[in-house]
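Quick notes on the structure that follows.
In mature numbering (1 follows the signal peptide of the UniProt record, and there is no 0), the protein residues as written are -17 to -1, 1 to 179.
As structure tokens, this is what we get:
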């Protein structure tokens, strides 16, 4: 009985202090979401015609720039061997954009998918080194989006109808274990990655 009371009290306290997802515009609605803008690593990336083969939708660390014309002429390539999942990744499944074999124009999807993730990426090059010299870290993905993606997409999409998603950290955690070993100093490093 004491355990049940404690669990109930904890749930009530948690629910009472949990942040709400309301903004000035109201509650979040997936049904009203028209586009997903994604950042991350191999669990998030989709292959694009203008991306580094088997790593990204557009660009690489040698050249993150692109024009609006290059972005809008790019296509998602459904490649069943290059992704971490061996097929469509979660961003493709939840948007239903790019799940069919062949090429997909994100603008033709009911929920457009604009994916700036890079396979092998990490959160911060200060914590863990890049896997390859062409790898785009999360920091550079955001930079790429701010300089080239956002200005182009602002002309085609409404920000209030977009959802931004980030899935990253798996490479950082694995690399930290390899670089520093399994020891007592790993926990603070893990916290640093999570908070980066």
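Every residue gets a Cβ at the ideal spot worked out from N, C-alpha and C, and that includes glycine.
| said: Please return the same chain residues whose Cβ sits closer than 7 Å to the Cβ of residue 118, not counting the five positions on each side in sequence. | reply: Position 135 of the chain shown holds residue 118. Cβ within range, chain order: 44, 101, 103, 104.
| query | Taking DSSP as the reference, what is the three-state secondary structure of residue 96? | reply | In the chain shown, residue 96 corresponds to position 113, counting from 1. Looking at residue 96 - three-state DSSP - the assignment turns out to be strand.
| query | Does the segment 69 to 76 come close enough to the segment 122 to 136 that 3 or more CB-CB pairs lie under 8 Å? | reply | no
| message | Using only the alpha-carbon positions, how far apart do residue 37 and residue 18 sit? | response | Reading the chain shown from its first residue, position 54 is the one you call residue 37. Reading the chain shown from its first residue, position 35 is the one you call residue 18. So the two alpha carbons sit approximately 23 Å from each other.
| query | If you check the beta carbons only, do residue 130 and residue 47 fall under 9 Å apart? | reply | Stepping through the chain shown from its first residue, residue 130 is reached at position 147. Stepping through the chain shown from its first residue, residue 47 is reached at position 64. Yes, the pair counts as a contact, with Cβ atoms nearer than the cut-off.
| query | What are the boundary residues of the alpha helix (DSSP H) that residue 127 is part of? | reply | Taking the first residue of the chain shown as 1, we reach residue 127 at position 144. Looking at the DSSP string, the run of the alpha helix (DSSP H) that includes residue 127 is 121 to 127.
| request: Tell whether a beta-carbon distance below 9 Å holds between residue 145 and residue 20. | output: Sequence index remark: in the chain shown, residue 145 carries index 162 (1-based). Sequence index remark: in the chain shown, residue 20 carries index 37 (1-based). Closer than 9 Å, so yes.
| request: Let me know if residue 109 comes out buried or exposed under the rule of 16 or more other beta-carbons within 10 Å of its beta-carbon. | output: On the chain shown, position 126 is the one that residue 109 refers to. Exposed.
| field | Same chain, Cβ closer than 7 Å to residue 149, five either side skipped, listed in chain order | value | For the purposes of this step, residue 149 is taken as the residue at position 166 of the chain shown. Within the same chain, residue 149 has close Cβ partners 22, 23.
| task | Enumerate in chain order the residues of its own chain whose CB-to-CB distance from residue 83 is below 7 Å, with the five nearest sequence positions on each side excluded. | result | Taking the chain shown and counting its residues from 1, one reaches residue 83 at position 100. If we look at residue 83 and ignore the five residues flanking it on each side, its Cβ neighbours are 61.
| query | Do the CB positions of residue 88 and residue 40 come within less than 9 Å of each other? | reply | Your numbering for residue 88 matches position 105 in the chain shown. Your numbering for residue 40 matches position 57 in the chain shown. Going by C-beta atoms, residue 88 is not nearer than 9 Å to residue 40.
| task | Spatial neighbours of residue 52 within its chain, please: CB distance less than 8 Å, with the 5 preceding and 5 following residues excluded, ordered by chain position. | result | Indexing the chain shown from 1 puts residue 52 at position 69. Excluding sequence neighbours, residue 52 sits near nothing in its chain.
| task | Would you decide whether residue 12 is buried or exposed? Buried here means 16 or more other CB atoms lie within 10 Å of its CB. | result | Looking up residue 12 in the chain shown gives position 29. Classification for residue 12: exposed.
| task | Quick one: measure Cβ to Cβ for residue 49 and residue 90, integer angstroms, because I've assumed they're closer than 8 Å. | result | As a working mapping, residue 49 is identified with position 66 in the chain shown. As a working mapping, residue 90 is identified with position 107 in the chain shown. Wrong, their Cβ atoms sit about 15 Å apart, outside the cutoff.
| query | Who are the Cβ neighbours of residue 140 in its own chain at under 6 Å, not counting the five residues just before and after it? | reply | As a working note, residue 140 is residue 157 in the chain shown. Contacts found: 18.
| 7 Å CB neighbourhood of residue 136 in its chain, flanking five on each side removed | Residue mapping note: residue 136 aligns to position 153 of the chain shown, counting from 1. Closer than 7 Å at Cβ, skipping near neighbours: 97.
| What residue from 114, 128, 92, 132 has the CA that sits closest to residue 157's CA? | Residue 157 sits at position 174 when you count from the first residue of the chain shown. Taking only the C-alpha atoms, the option nearest residue 157 is 114.
| residue 20, enclosing beta strand (DSSP E) - first and last residue | By one-based count along the chain shown, residue 20 stands at place 37. That run of the beta strand (DSSP E) goes 18 to 23.
| message | Quick check on DSSP: helix, strand or coil for residue 88? | response | Taking the chain shown and counting its residues from 1, one reaches residue 88 at position 105. Correct three-state label for residue 88: coil.
| Given residue 184 as reference, the closest of 132, 133, 111 once Cα atoms are compared | Residue 184 lies beyond the stretch modelled for the chain, which goes from -17 to 179, so this question has no answer here.
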